[in-house]
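Its first residue numbered -12, the sequence shown is counted upward by one per residue in my numbering.
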Amino acid sequence: MKEENINYQKIILNTVATVGLIGIAVVAPNILQVIKQLSPKKKKWVNERYYLNRSVEKLLEKGYLKKTRKKNNEFLELTKEGEEIINRYKLGDLEIKKSKKWDKKWRVVIFDISEKKKSLRDLLRFNLNRLGFVKLQNSVWVFPYECEELIYLLKTNFFVDSDVLYMEVNRIENEKWLKEIFGLK
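Have a look at this one:
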């Protein structure tokens, strides 16, 4: 049986974000504890410290973390870029709560994001798809349940406020196929 891949970088960034400054000497024991809780069935923990150190090095190289010195101690601190990555991880954990009864309104998200922001456009499409939206056209996505706050969060986290529009509509032409996809009556 193949072991689950552990996202060391995500764990490190979340730990530093939660604690604020974290002493470099403290990083390994605390994060190894988190990793062991996430994957308790794993038998070998020999290489974990190596992977952890490599992940910290990569995060420093990418500019998501920086080292700061206070007195004789070295600490890891989250950078602005690191905070942006944390926000994207948080978005990955979001879900839309579906009501038991449909209010007969469609939530439509449309966007016109320039080619200069192609990666953000693709990230928005990926997240809409992951959240359960159905694509009507490349830049038009639909969902049957309330999600305005979540769309607002996506817009602000991706810095595309003015490029994305959220609408509630009563009817979509030829909507029968959408109702079937979402299991609605």
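Note that the Cβ used here is the ideal one computed from N, Cα and C, for glycine as well.
Handout entry: Beta carbon of residue 129 nearer than 8 Å to that of residue 98
Key = A distance of 8 Å or more separates the beta carbons of residue 129 and residue 98.
Practice task
State the Cα-Cα distance for the pair residue 131 and residue 143, rounded to the nearest angstrom.
Solution key: Answer to the nearest angstrom: the Cα atoms are 22 Å apart.
Exercise for the section: Please work out which residues of its chain come closer than 8 Å, Cβ to Cβ, to residue 75, disregarding the five sequence neighbours upstream and downstream, and give them in chain order. Expected result: Correct list, in chain order: 110 and 144.
Practice task
Note the first and the last residue of the continuous alpha helix (DSSP H) segment covering residue 122.
Solution key: No alpha helix (DSSP H) contains residue 122, which is instead part of the beta strand (DSSP E) from 121 to 124.
Practice task
Could you tell me the boundaries of the alpha helix (DSSP H) in which residue 145 lies?
Solution key: Per DSSP, residue 145 belongs to no alpha helix (DSSP H) and is neither H nor E.
Handout entry: Pair within 8 Å by beta-carbon distance, residue 44 and residue 55
Key = For the pair residue 44 and residue 55, the CB atoms are not nearer than the 8 Å cut-off.
Problem - Spatial neighbours of residue 150 in its chain, beta-carbon cut-off 7 Å, leaving aside the 5 residues before and after - result: 98, 99 and 100, listed in sequence order.
Problem - Nearest-angstrom Cα separation, counted from residue 162 out to residue 172 - result: Approximately 11 Å between the Cα atoms of the pair.
Problem - Enclosing alpha helix (DSSP H) for residue 108 [first to last residue] - result: 105 to 118 is the extent of the alpha helix (DSSP H) around residue 108.
Exercise for the section: Measure the beta-carbon distance from residue 118 to residue 83 and round it to whole angstroms, keeping in mind my assumption that it falls under 8 Å. Expected result: About 6 Å separates the two Cβ atoms, so the contact holds.
Handout entry: Distance CB(residue 156)-CB(residue 93) smaller than 8 Å
Key = For residue 156 and residue 93, yes; Cβs fall inside 8 Å.
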